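First to last, the protein sequences are chains A and B. Residues in the first sequence are numbered consecutively from 1, following this note's numbering. Residues in the second sequence are numbered consecutively from 1, following this note's numbering. Heads up: the structure comes next, in structure tokens.
Protein chains: 2
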Amino acid sequence: MSTSQLDLKMIDCPALFTIQLISGKWKTRILWHLRSGAAGFGELKRALPGISPKVLTQHLDALVSDGLLARSQWNEANVIHSAYDYTDYGRTLIPVLDALGNWSANQRAAVQ
Amino acid sequence: MSTSQLDLKMIDCPALFTIQLISGKWKTRILWHLRSGAAGFGELKRALPGISPKVLTQHLDALVSDGLLARSQWNEANVIHSAYDYTDYGRTLIPVLDALGNWSANQRAAVQ
DNA sequence: CAGAATCCTTATGGATACTG
DNA sequence: CAGTATCCATAAGGATTCTG
Numbered sequence: 001m002s003t004s005q006l007d008l009k010m011i012d013c014p015a016l017f018t019i020q021l022i023s024g025k026w027k028t029r030i031l032w033h034l035r036s037g038a039a040g041f042g043e044l045k046r047a048l049p050g051i052s053p054k055v056l057t058q059h060l061d062a063l064v065s066d067g068l069l070a071r072s073q074w075n076e077a078n079v080i081h082s083a084y085d086y087t088d089y090g091r092t093l094i095p096v097l098d099a100l101g102n103w104s105a106n107q108r109a110a111v112q
Numbered sequence: 001m002s003t004s005q006l007d008l009k010m011i012d013c014p015a016l017f018t019i020q021l022i023s024g025k026w027k028t029r030i031l032w033h034l035r036s037g038a039a040g041f042g043e044l045k046r047a048l049p050g051i052s053p054k055v056l057t058q059h060l061d062a063l064v065s066d067g068l069l070a071r072s073q074w075n076e077a078n079v080i081h082s083a084y085d086y087t088d089y090g091r092t093l094i095p096v097l098d099a100l101g102n103w104s105a106n107q108r109a110a111v112q
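Structure (structure tokens):
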């Protein structure tokens, strides 16, 4: 499911590469949530009501494998904890996400 | 399949609204192609090798129904012609598409 | 807690033939 | 030319149970 490979299509349409990284029912919401700081698996799950652990894992794995997020883990009283956070690379995407968000906010404002 | 309805998720994550408009295997490429001007059904089909007429119709219908594109048609020697072009609303999305494209171009440049 | 495993439903896309 | 109609394949997502 990794989208890190380039493709002829993406040379014709560079926007496609970026889109593929952030497409998926929950990816944008994960990335959006992490803008305010790292979060563990459970926190993300709570922040995204309705997502199943399998799907959350799938999306996180894709984001990690595409280099946008990094995962860390540690033990506390014999219990595993994890944290997902932007990589430096992933962080460069935030202004782009903001552009997407601002556009939609402007559209909504214009309608009202 | 219209994504024009707002949703609670999109208030938490405004970027999601924009993403939904341009997600789909060919949507970005259609929008990218039309940046250089309107195009008919056949031209788009040729510009997107591998797309089937059904799927092209689906994507165009979605883009029109979401208000990003407009469709016009006319007759010439008893043969139907069509043209798809940005609406004024859709055109406001072009800078956002450019942001997506520029980001991917920068990443590719950085890798090399 | 953080997932892996399994099974299942739905959404998306595709090939092809046909029509006004 | 510009699609529709039909049938089909795969991908994406989801519910649930289980494990270190």
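Ideal Cβ positions, reconstructed from N, Cα and C, are used throughout, including at glycine. These figures come from a predicted structure and were not determined experimentally.
- For the options Arg-35(B), Thr-18(B), Leu-6(B) and Gly-40(B), the alpha carbon positioned closest to that of Tyr-84(B) is the one of Gly-40(B).
- Fewer than three Cβ pairs drawn from the segment 72-81 of chain B and the segment 63-82 of chain A lie within less than 8 Å of each other, which leaves the two stretches out of contact.
- With 16 or more other Cβ atoms inside 10 Å of its own Cβ, Gly-24(A) counts as buried.
- Under a 10 Å Cβ-count criterion, Thr-28(B) is classified as buried, with 16 or more other Cβ atoms of the shown protein chains found around its own Cβ.
- Every alpha helix (DSSP H) stretch that sits fully inside the segment 28-105 of chain A and reaches 4 residues is listed by chain position as 41-47, 53-65 and 88-91.
- Below the 9 Å Cβ cutoff, chain A contributes no neighbours of Phe-41(B), its closest Cβ being approximately 19 Å away.
- Close partners of Thr-18(B) in chain A (Cβ separation under 8 Å): Leu-100, Gly-101, Trp-103 and Ser-104.
- Approximately 5 Å separates the beta-carbon atoms of Gly-67(A) and Tyr-89(A); this is inside 8 Å, confirming the contact.
- Between the alpha carbons of Ser-65(B) and Leu-21(B) lies a gap of roughly 10 Å.
- The C-beta of Ser-36(B) has fewer than 16 other C-beta atoms within 10 Å across all chains shown, which makes the residue exposed.
- For Ile-11(B) against Leu-60(B), the beta-carbon gap comes to about 29 Å, at or over 8 Å, which does not count as contact.
- Ranked by how close their Cα comes to the Cα of Leu-63(A), the residues Leu-34(A), Glu-43(A) and Asn-75(A) have Leu-34(A) in first place.
- The contact set of Arg-29(B) on chain A, defined by CB atoms closer than 8 Å, consists of Lys-9, Asp-12, Cys-13 and Leu-16 in chain order.
- When DSSP states are grouped into helix, strand and coil, Lys-9(A) belongs to the helix group.
- Judged by their CB atoms, Ser-52(B) and Thr-18(A) are not nearer to each other than the 7 Å cut-off.
- Here Leu-48(B) is not near Trp-32(B), since their CB atoms are 7 Å or more apart.
- Interface criterion not met: the Cβ of Val-55(B) is under 7 Å from no Cβ in chain A.
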